[in-house]
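Taking it in order: structure first as structure tokens, then the write-up.
In my numbering, the protein residues as written are 1 to 199.
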């Protein structure tokens, strides 16, 4: 492949990522490709784009909601399994806290700024974020993050490590986060509380 061909291939990959929410079947993909081909070659459109443009957003919203339901249902089993582990605590909000190493330092309050190392994965083990990979801890206010973190990290003491299993409604919900966290996803974090920086 030439450099231009590689760049054009990358364009195809980016378009696929941007339209992943549609979860297209092979037949639907062929229809999308026909629409793309007609638009790029100047062929007559098979539909009135002004009328169908808004319907694209409606379809995306419906497909996203369907995908979120399926993903959330699969995640429920993950949360239940985490709650069954010895030493695990299921919080009232639904996330599961499992201490991996007890800390002996300060315990943060809900609005404190904390410094942590963490690794975030999807239930299938796919890592979507890690301060360990960047070799740099992260600092943030506890009241400025997802509910699972706000409540879960507040249960820790400095020097402690814990696993937080976060159902979607305590994480990013049905919206997901970018192309990394799908709608309705249960997330698993291993968190090490390094320091309570202050208020």
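Quick reminder that beta carbons are idealized off the backbone N, C-alpha and C, glycines included.
Just so we're clear, the structure is a prediction, and the values are computed from it rather than from any experiment.
Remark: C-beta atoms of residue 141 and residue 113 approach each other more closely than 8 Å. With 16 or more other Cβ atoms from the protein chains shown falling within 10 Å of its own Cβ, residue 183 counts as buried. Judged by DSSP in its simplified three-state form, residue 183 adopts coil rather than helix or strand. The residue among 70, 35, 20 and 193 with its C-alpha nearest the C-alpha of residue 99 is 193. Rounded to whole angstroms, the Cβ separation of residue 157 and residue 104 is 6 Å, and the two are in contact under 8 Å. Pairing residue 134 with residue 127 gives a Cβ-Cβ distance that is not under 8 Å. Uninterrupted beta strand (DSSP E) stretches at least 3 residues long and entirely within the region 71 to 139 occur at 96 to 101, 113 to 121 and 127 to 130, given in chain order. Nearest neighbour of residue 77 by Cα position, chosen from 64, 96 and 59, turns out to be 96.
For residue 11, the three-state secondary structure derived from DSSP is helix. Residue 161: member of the beta strand (DSSP E) spanning 161 to 166, first to last residue. The DSSP-derived three-state label of residue 193 is strand.
Here residue 55 has no same chain residue with a Cβ atom under 8 Å from its own Cβ, once five neighbours each way along the sequence are excluded. Counting only the Cα atoms, residue 65 lies some 32 Å from residue 155. Between residue 108 and residue 196, the gap from beta carbon to beta carbon is short of 8 Å.
For residue 198, same chain residues with a beta-carbon under 6 Å away, outside a window of 5 residues either side, are 113 in chain order. For residue 35, the uninterrupted alpha helix (DSSP H) segment begins and ends at 26 to 41. According to the DSSP assignment, residue 152 belongs to the alpha helix (DSSP H) that extends over 147 to 153.
Spanning the alpha carbons of residue 4 and residue 25 requires a straight line of approximately 29 Å. In terms of Cα proximity to residue 20, the closest of 178, 91 and 46 is 178.
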